[in-house]
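Colleague: In the working numbering, the protein residues as written are 239 to 766.
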């Protein structure tokens, strides 16, 4: 065993796990880890608030498929990152939060020590997949290794590891952990053969694909094309099959046209999706529903399941395709039906819906593999159903938890993880001010990310609901700063585009933003 401090043990095990970047904010309790980072090949991105740190780790994870690592301090650092942890949990994002804790004999004692929290581990156990406390230096490498093992073999969810400050500082013998390769469980082949038999008996099948299938896009596309099975995606699954593929419905399953098509099918194979209430709660799926997912607790949650299969959906798709091909299963003539059900592209409906004007202009200015990071705002709600996407893991949306302020820091994290791809953030005026401080982070790390800021000077969708339900409004009028000079005060570039000039000026502004090594705020006044 080699002698090392707890901080060194954490950082060196992160290196063993292939971590190349961590997001965080140093504090007096975490300096032992930060000192160890100086001797490490791991890059560090310093945020301006732990909420932004968590969203950056989230965006990095979604854009890369790798674990997003966040380092935070005891107490306020941990509670500040709680919202991103809740978002990552609900959207199945792999994240590791490493926090400090008060000294071993000081925690939860109510003596008023710095950053003391009544039940810090309890906070994280309520919102993460699990929380582990390390009380010996020798146990630190194993705790980090266990977290990565869990994330390799289970549904992606945030995991928390905490270390008291005295453990981080103490030097003791410890062994780093060399883990063998780990993977998601393989699906049961007998149950898959049953699924193939059910598929073969169907006349009008449909494939429903979620975000859990992002890593299996190539295999799922082969299944669609070789068996000629129509496909619809969830919001998180957008791009697994390109929106413009002849057998893809184009809109996500929550769109009325896609939901109606799904209700007309006699067989559904759902791959890598929880079939959540938000996405499919109002969708009538057939009795012959075969559901493949790594998390068995999703089976039967919102829809009765005829057959549930636990395991890797990529392996499942390959098995179904091979066995169905052997049996001569192929659904000819499905393309015409999909074309009739598919809603018109946003470029063709731009005159009917002002949101489509923005989406069409944006899509025309972006590369096929661009990463589009959304916030909770009217434009993004429409984009979740209709924005055309070509590649998996490219449409980031805070669907489950639904938090404001997600898009800017998540876009910056995505840009850290995918520096060779275009990354753009879409946010409303309300959400922008939740995490505006991380503009300074993007400036500091030369991140050429445009943030398209839709400004209607209100919490407009809440006004709509209040007027509809109560006939009056309360608390939705907001006083905004001048966004262009505000962004420039951070060292970012900024411009304002009037709605009338959108088609001509937005593509030019995006091109210029991608050529810079600093973020650009593009304000667009809107009335949706």
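For each residue, glycine too, the CB sits at the ideal point set by N, CA and C.
1) Does residue 313 come out as helix, strand or coil in the three-state DSSP assignment?
2) Smallest Cα separation from residue 275: which of 309, 290 and 296?
3) So residue 623 is in the alpha helix (DSSP H); what residue range does that whole segment cover?
4) Looking at residue 273: is its Cβ nearer than 8 Å to the Cβ of residue 245?
5) With a 10 Å radius around its C-beta and 16 neighbouring C-beta atoms as the bar for buried, classify residue 634 as buried or exposed.
6) With a threshold of 6 Å on Cβ separation, who are the neighbours of residue 741 within its own chain once the five nearest residues in sequence on each side are excluded?
7) For residue 390, which option in 630, 638 and 550 has the closest C-alpha, if you only look at C-alpha atoms?
8) Quick one: give me the first and last residue of the beta strand (DSSP E) that residue 281 is part of.
9) Can you check whether the CB of residue 553 is closer than 8 Å to the CB of residue 529?
10) Enumerate in chain order the residues of its own chain whose CB-to-CB distance from residue 695 is below 6 Å, with the five nearest sequence positions on each side excluded.
11) Secondary structure at residue 705, three-state DSSP: helix, strand or coil?
12) Whether or not the stretch 680-688 and the stretch 329-343 are in contact is what I'm after, with contact meaning three or more pairs of Cβ atoms, one per stretch, closer than 8 Å; do they touch?
13) So, with DSSP's three-state summary, where would you put residue 525?
14) If we call anything under 8 Å between Cβ atoms a contact, is residue 504 one with residue 441?
15) Give the single residue among 383, 566, 365 and 350 whose Cα lies nearest to the Cα of residue 250.
16) To which residues of the same chain is residue 353 closer than 6 Å at the C-beta, ignoring the five residues directly before and after it?
17) Run through DSSP, which three-state label would residue 594 get?
18) Would the stretch 396-404 and the stretch 417-427 be scored as touching if the rule is three or more Cβ pairs under 8 Å?
19) Excluding five sequence neighbours on each side, which residues of the same chain lie with their C-beta closer than 6 Å to the C-beta of residue 362?
20) Count the CB pairs spanning the stretch 525-545 and the stretch 655-667 that are closer than 8 Å, and state whether there are at least three.
21) Does residue 507 come out as helix, strand or coil in the three-state DSSP assignment?
22) Our contact map puts residue 755 next to residue 285 with C-beta atoms below 8 Å; I'd like the distance itself, whole angstroms only.
23) When you compare each of 381, 317 and 562 to residue 365 by their alpha carbons, which one comes out closest?
24) Give me the Cβ distance between residue 665 and residue 632, rounded to the nearest whole Å; I'm assuming they're in contact under 8 Å.
25) Give me the Cα-Cα distance between residue 479 and residue 459, rounded to the nearest whole angstrom.
26) Closest to residue 743 by CA distance: which of 728, 730, 262 and 761 is it?
27) Can you tell me the Cα-Cα spacing of residue 435 and residue 320, whole angstroms?
28) Assign residue 710 to buried or exposed, taking buried as 16 or more other Cβ atoms, counted over all protein chains shown, within 10 Å of its Cβ.
29) Check the C-beta distance from residue 540 over to residue 518 and give it rounded, since I have them as a contact under 8 Å.
30) How about residue 650 and residue 297: are their beta carbons less than 8 Å apart?
31) Can you give me the Cβ contacts of residue 485 inside the same chain, cut-off strictly under 8 Å, excluding the 5 residues immediately before and after it?
32) What is the DSSP secondary structure of residue 572, counted as helix, strand or coil?
33) Taking only beta-carbon positions, decide if residue 470 is within less than 8 Å of chain D.
34) Assuming residue 555 contacts residue 412 under a Cβ cut-off of 8 Å, what Cβ separation, rounded to an integer in Å, is found between them?
35) Note down the Cα distance separating residue 322 from residue 292, rounded to an integer number of angstroms.
36) Taking residue 450 and residue 355 to be in contact with their CB atoms under 8 Å, please state how far apart those CB atoms are, rounded to whole angstroms.
Modeller: Walking through what the data contain:
1) coil
2) For residue 275, the closest C-alpha among the options 309, 290 and 296 is that of 309.
3) 616-624
4) yes
5) buried
6) 599
7) 550
8) Bounds of the beta strand (DSSP E) holding residue 281 are 281-284.
9) no
10) Cβ within range, chain order: 718.
11) helix
12) Under the 8 Å Cβ criterion, the stretch 329-343 does not count as touching the stretch 680-688, having fewer than three qualifying pairs.
13) coil
14) yes
15) 383
16) Result list for residue 353: 312 and 313, in chain order.
17) helix
18) no
19) 369 and 398
20) no
21) strand
22) So it is not a contact: roughly 19 Å between Cβ atoms.
23) 317
24) About 17 Å; that fails the 8 Å criterion.
25) 6 Å
26) Just measuring C-alpha positions, the residue of 728, 730, 262 and 761 sitting nearest residue 743 is 761.
27) 45 Å
28) exposed
29) Indeed, because the Cβ distance is near 6 Å, the residues count as touching under 8 Å.
30) yes
31) 462, 463, 466, 467, 468, 469, 479, 572, 573 and 576
32) helix
33) The structure shown contains no chain D, having only a single protein chain.
34) With 8 Å as the limit, residue 555 and residue 412 do not qualify as a contact, their Cβ atoms being about 42 Å apart.
35) 5 Å
36) Contact flag wrong, Cβ pair sits at about 33 Å.
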